Each structure stands twice: as C-alpha cells, then as structure tokens.
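Structure first, then comments.
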Amino acid sequence: MAPAVARLRELLADQNKIIVCPGVFDGLTARIALNEGFDALYMTGAGTAASKLGQPDLGILTLNEMRENAQMIAGLDPKVPLIADADTGFGGSIMVNRTVTEYIRGGVAALHLEDQVTNKRCGHLRNKQLVEEEEFLARIRAAVNARQKSGGDIVLIARTDALETLGYEEAVSRLKHAIDLGADVAFLEGVTSKEQARQACQDLSPTPVLFNAVPGGVSPDLSVKEAQELGFRLIIFPGLALSSVHTAVSAAVKKLKADGAPPASEGSPRDLFNVVGLKEALMLDVAAGGKTFQKGV
298 MAPAVARLRE LLADQNKIIV CPGVFDGLTA RIALNEGFDA LYMTGAGTAA
348 SKLGQPDLGI LTLNEMRENA QMIAGLDPKV PLIADADTGF GGSIMVNRTV
398 TEYIRGGVAA LHLEDQVTNK RCGHLRNKQL VEEEEFLARI RAAVNARQKS
448 GGDIVLIART DALETLGYEE AVSRLKHAID LGADVAFLEG VTSKEQARQA
498 CQDLSPTPVL FNAVPGGVSP DLSVKEAQEL GFRLIIFPGL ALSSVHTAVS
548 AAVKKLKADG APPASEGSPR DLFNVVGLKE ALMLDVAAGG KTFQKGV
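Residues in the sequence shown are numbered from 298 upward in steps of one, following my numbering.
So this is what it looks like as structure tokens:
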C-alpha cells in the first residue's frame, strides 16, 4: 500500500479525529499548505479548471488534465495524502475504471465520484442534473473493481448531489447503496442546515462523512470544530487558495493599473523560491556531487 493511502486510512480509523484538507490547485498553493503541516490536502476541480484553463467548473476538464495536476501535487510529498476531485469519472464504467487506475498510478490517496451527468457543474450552483441511481452505482462498482484489479489502493468517496432535486431520503439512500458496494467515505453535497448535517452523519454511521466547506454556498459555514461536533470525519475547503489568490491578485492588478506601481512586496524572490523547495533542490545537487550551485544562488 502506498504510504499516503496507508496514512489516510490510519487517519480515517481514528474516531476522535477530523481530517482537515485545505483546497489547493497548483504546485505553489500545495507547497504553501504542505509547509503548514496539514494531515492531508484536497485538489479542487474548480481550482484546477480556473488555473489550468481559465474556465468555470462546468465539466470542461478532461481526465488527463485532472490526473496530471493531481499527480504533480501528490508527488510533492508522497507521505501526505491528497484527496482529489474526479468529477463523474469522465464517462461510463470503462472510463471510470481508467480514471481510478490512473489516479492510483499517480499517487492520489483518495478521489470522489458523483452522480451528476457528465456535463456537470459545481455542487453549489443550481439546477444540477443527475443520472439514475443505477448509473451512479455502476460508477461506484467500476471504481471498486478498478481498485481491486490495480493491485494498489485508493480511498473511494461516494458523492451525491441528489439532495437539491430528489430530497434527503433519496440522497442518503444513494450513499448507503454506494457504501454497500465498497465506497469508503460518504459525501452528501449541499447540506442546508446543521440539523440536516448531524442527521446525515448519524444515518450514515459508521461510515466517515465528508463536509464540503464553501463560504457563500448553499451549506452553512462551519468551522472545523463545529463540523466535528456534528459528526463529520473529513472537511475540505476547496476554495481556500482559489479565493485568496483571486482577492490578492485582483487588488494587486487594480493598484498597478491605478497607480502605475504594484503593491509593496513582502520578502525577496529567494523567500518565494524557498517555499517551493529551493533549499532541498540545492541539497540534491550537492548530494550528487554537483558544483553548479557551490557558490550559492
């Protein structure tokens, strides 16, 4: 078993712990989060679409684009589990099989599959379209089979967006059936109240339940402590880095446009390079007997 998957399963086995995952979308944001010592990271599909394509989260990304980004982030520190968005699996059962296999080979510790149609949209947008339950369960079954066939391991998270259109009972039923097929974690997207969240955690117990923290979305804004008290075992903050970058860069370019000068910079280029592994890179060269950087940089 890969160390990141083993570590994630160890964390999930601790009934008294909630796994906190900051949302990242590229190498820089992932390095920043890793340097803070989080137990796990979350690769956001919305952030990946925005950063790689400059496009909204409307099912535009392909498997190769998502897997490539996830593999890069997972490889920055193979000991730290990466949970990655896998949308709908990018097609039918055969494509889901390929998706799961590629994520396993890429070092991803967990992925989530949802029950929207292939032309999906962000879970906190309105009027989402769903596939029939049997098609959703076929995706989960294909994912479980791919995991078994791969000889590796990955934590499978079953996500349903059925709450908005089909109601609570149908949504939870879909998750229970997915768990029966071998899903490890339940993800009820778009819970609308703390009471509903608590009920979902109770109804799906002992399976760990994930909370998607999206400020300004359809769900209540919960702190880590509040989510844990409600019974959640994982909490992801998919927009954390994306919204921070949007706010900071928007302010910077506006100042440059208005004043003809950017905001004052904190630190030097070296400080930024140290965040993304400058010291470690120089040590690799020295260990190999290289002399390229013997006078420093």
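Ideal Cβ positions, reconstructed from N, Cα and C, are used throughout, including at glycine.
Predicted model only: the values in this text are computed from it and were never measured.
Which of helix, strand or coil DSSP assigns to residue i
{"i": "residue 556", "result": "helix"}
{"i": "residue 504", "result": "coil"}
{"i": "residue 361", "result": "helix"}
{"i": "residue 532", "result": "strand"}
{"i": "residue 567", "result": "helix"}
{"i": "residue 386", "result": "coil"}
{"i": "residue 319", "result": "strand"}
{"i": "residue 413", "result": "strand"}
{"i": "residue 463", "result": "helix"}
{"i": "residue 401", "result": "helix"}
{"i": "residue 423", "result": "coil"}
{"i": "residue 452", "result": "strand"}
{"i": "residue 485", "result": "strand"}
{"i": "residue 585", "result": "coil"}
{"i": "residue 313", "result": "coil"}
{"i": "residue 408", "result": "strand"}
{"i": "residue 352", "result": "coil"}
{"i": "residue 433", "result": "helix"}
{"i": "residue 517", "result": "coil"}
{"i": "residue 562", "result": "coil"}
Residue i vs residue j beta-carbon contact at 7 Å
{"i": "residue 534", "j": "residue 378", "result": "no"}
{"i": "residue 474", "j": "residue 434", "result": "yes"}
{"i": "residue 440", "j": "residue 405", "result": "no"}
{"i": "residue 447", "j": "residue 401", "result": "yes"}
{"i": "residue 351", "j": "residue 384", "result": "no"}
{"i": "residue 382", "j": "residue 413", "result": "no"}
{"i": "residue 403", "j": "residue 445", "result": "no"}
{"i": "residue 554", "j": "residue 560", "result": "no"}
Buried/exposed call for residue i, threshold 16 Cβ in 10 Å
{"i": "residue 567", "result": "exposed"}
{"i": "residue 452", "result": "buried"}
{"i": "residue 345", "result": "buried"}
{"i": "residue 501", "result": "buried"}
{"i": "residue 261", "result": "This structure cannot settle anything about residue 261, because the visible part of the chain is limited to 298 through 594."}
{"i": "residue 550", "result": "exposed"}
{"i": "residue 528", "result": "buried"}
{"i": "residue 429", "result": "exposed"}
{"i": "residue 409", "result": "buried"}
{"i": "residue 486", "result": "buried"}
Reference residue i; option with closest CA among the options
{"i": "residue 365", "options": "374, 357, 354 and 349", "result": "349"}
{"i": "residue 304", "options": "327, 441, 313 and 337", "result": "337"}
{"i": "residue 507", "options": "514, 488 and 513", "result": "488"}
{"i": "residue 301", "options": "328, 315 and 374", "result": "374"}
{"i": "residue 329", "options": "560, 354 and 569", "result": "569"}
{"i": "residue 431", "options": "484, 446 and 411", "result": "411"}
{"i": "residue 472", "options": "525, 587 and 484", "result": "484"}
{"i": "residue 510", "options": "306, 316, 311 and 552", "result": "316"}
{"i": "residue 312", "options": "444, 505, 455 and 545", "result": "505"}
{"i": "residue 540", "options": "321, 456, 307 and 309", "result": "321"}
{"i": "residue 265", "options": "551, 417, 455 and 327", "result": "As displayed, the chain neither begins before 298 nor continues past 594, which places residue 265 out of reach and without an answer."}
{"i": "residue 520", "options": "498, 532 and 513", "result": "532"}
{"i": "residue 327", "options": "536, 460, 306 and 553", "result": "536"}
{"i": "residue 495", "options": "481, 517, 479 and 512", "result": "517"}
{"i": "residue 361", "options": "398, 309, 380 and 335", "result": "398"}
{"i": "residue 512", "options": "538, 498, 499 and 493", "result": "538"}
{"i": "residue 449", "options": "463, 477, 407 and 467", "result": "407"}
{"i": "residue 339", "options": "353, 358, 356 and 363", "result": "363"}
{"i": "residue 380", "options": "482, 575, 465 and 358", "result": "482"}
{"i": "residue 335", "options": "358, 308 and 323", "result": "308"}
{"i": "residue 443", "options": "423, 396, 462 and 425", "result": "396"}
For residue i, the residue or residues it bridges with in DSSP
{"i": "residue 345", "result": "Looking at the DSSP assignment, residue 345 forms no beta bridge with any residue, so it has no partner."}
{"i": "residue 340", "result": "321 and 381"}
{"i": "residue 457", "result": "485"}
{"i": "residue 509", "result": "533"}
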